Amino acid sequence: MSLISILPGEGIGNSIKLGDSLYTVVNKFQKYNHKMKIIYSDKKYLETPIIVKLPELGFRLIFENCGHQELILIEVIDFGFVKLSYNGFTFNDISYADEGFMDVDDIDTDKADKGTVDNDAQEDDDSVCGIQNLSLNGRLTGPPTTKLPTLHQIYNKIFGPTYPGRLLSDSTSYILSYPGISFKFTINSGQLLDKLPGLTENAVLSELLNWDNPDDITCRALSVFSGDSWDDFYNDFKNFLLAGRKSSIPEGSKPSSLHPKLIPEIDKLSVNLSTSTISVQRDAEVYTIKLGKTTQQEILNILGPPDDYFNKFDSRLLIHKHLRQSLPSSPSNNNSILKFHNYFKFGLDFLYDLNPEESSNSNQKTGLLKKVIIHNGGVTESLDFMKWNKCNWEIETGGKDGKIVVNSSMYFKEIPSEFFTSSNQDSIRPVLLNRNEAEFIDNELDIINKNEVSARKPRTVSGSSLNEKDNDSRLKIKTWGQSMLYGGNNCIWEVIESSGCITCVTVY
């Protein structure tokens, strides 16, 4: 079984690194078909970190949710799946009852990319993602035996001396912290527990290290983080993440990363609706894009080739052209030729108009930018979840009292009404977007009126309260991913109905 290195303050192996985005990590583990359980708050989504549990690896990953959704905490909560090491020392040992009878030749090395263990015990870029416990593949049928690390081993052999730790209030758990990593130990001896109350921190550590049976104090979990100690990290975690979302809303008060190595490919997208310009901050450079002026080639020069693209030939919008004063008769009016460029890793889509401009100028431009779609693929109840990355955006418009700025750290209800009334719009009326189908083969969406949906009553089953809960669960599943569309100020806003999170903004 491969050995995976623990890197305090950095990550585990070459695959899980602090500062990685939720989009990067989830898609990496999906590639290897690892099971994931994603935990989030449906009531205070933006204020609460996102947790990704990997039950087949025994890992729990914590991501902040108000910025770039970066990985800020890695926890190993089960040592029975992956062998870990530090500076050449094996941290935990895993053995199987039938391990001595396994023929190495039976392992199909061609399936290594599907999760088979590399028996050379060498790490590569996917050393964590590509690992799968051999017993899960049906090769080893015996129950695993895990030898947990002890406090004595960690303090005296593997990591060395450090400041005294902290005995938790339940008096059965002990936290020992080093720069970038901390360990949680369980005290399994009642006799030892009776000696600890009332002792100073130094006395507690001395009593634990000199206990006759080291196996009575075993490590049950470890945490990898960025910081000098667990207490320092936890204080930053509470102050910056759990209570700091509001501070990121005003312009110029963008929170800094808890992990300084995080350098997103696109730091922020700034949209000015009054000038129809979009500023892209990337690699310490600022690029300006203008709707109706910037060409497809110019954007390719800035962002590189798209992750996907498709052409769309659409004549349905011609029904609205009777509103124009005049409509020249031309074959080009029969169909609108458009091209979509999808940048999933950036959370952006660009729509280009491939129809030539109708002018006497012989140097007619084609492929002009018509729309920009800004995604927040980090909203779990969105059907865009993890297909697009989260793009951090800022949109400003002119108002009676000056410019009004909104950004991706806000709920839709937090956008001031002046933002929409600045465009001489007294109110905006939403429509409901029903996108809970599994696939959209032809990229078409059904839009129905909110009143039509709200008038539908869920069928109830008379009987016990359990049936009522089942009905509530069924209704939640049926409405999962439902969103509202709001239009105004040259923007279309898609908002998750249950949480109020803005999942997509179309600027045109």
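Counting with the numbering used here, you get residues 774 to 1281 for the letters of the sequence shown. Just so you know, even glycine gets a beta-carbon here, dropped at the ideal spot from N, CA and C. A quick note: this is a predicted structure, and the numbers were derived from the prediction, not measured.
The C-alpha of valine 1152 is placed about 14 Å away from the C-alpha of methionine 1257. Around the beta-carbon of glutamate 1169, 16 or more other beta-carbon atoms lie within 10 Å, marking it buried. In the DSSP assignment, histidine 925 forms no beta bridge with any residue. Going by DSSP, tyrosine 859 is part of no alpha helix (DSSP H) but of the beta strand (DSSP E) stretching over 856-859. The criterion of a C-beta distance shorter than 8 Å is not satisfied by isoleucine 1147 and leucine 981. In the DSSP annotation of this structure, the continuous segment of the beta strand (DSSP E) that includes leucine 1258 starts and ends at 1256-1261. When secondary structure is reduced to three states using DSSP, glutamate 974 falls in the helix class. Note that the C-beta distance between isoleucine 1177 and phenylalanine 1158 is not below 8 Å. When DSSP assignments are scanned along the stretch 790-830, the uninterrupted stretches of alpha helix (DSSP H) that are 4 or more residues long and fall wholly within it turn out to be 795-804. Taking 8 Å as the cut-off, the Cβ atoms of lysine 1144 and tyrosine 1281 count as close. Taking 8 Å as the cut-off, the beta carbon of leucine 819 is found closer than this to the beta carbon of serine 1182. Distance between threonine 1279 and phenylalanine 1113, taken at the CA atoms: about 13 Å. The continuous beta strand (DSSP E) containing tyrosine 951 extends over residues 946-951.
Burial check for glutamine 842: the Cβ neighbour count within 10 Å reaches 16 or more, so the residue is buried. In this chain, the beta strand (DSSP E) harbouring isoleucine 777 covers 776-780. Glycine 1151 is bridged by DSSP to nothing; it lacks a bridge partner. Only residues of its own chain outside the window of five on either side were considered, and among them Phe862 have a CB closer than 8 Å to the CB of lysine 930, listed in chain order.
Proximity to cysteine 1264 across Leu978, Trp1253, Val1179 peaks at Val1179, based on C-alpha coordinates.
Contact annotation: glycine 1065 and tyrosine 1184 have beta-carbon atoms that are not nearer than 8 Å. Nearest C-alpha to arginine 1055 among Ile990, Trp1166, His925: Trp1166. In this structure, lysine 804 keeps its C-beta atom at 8 Å or more from the C-beta atom of proline 828.
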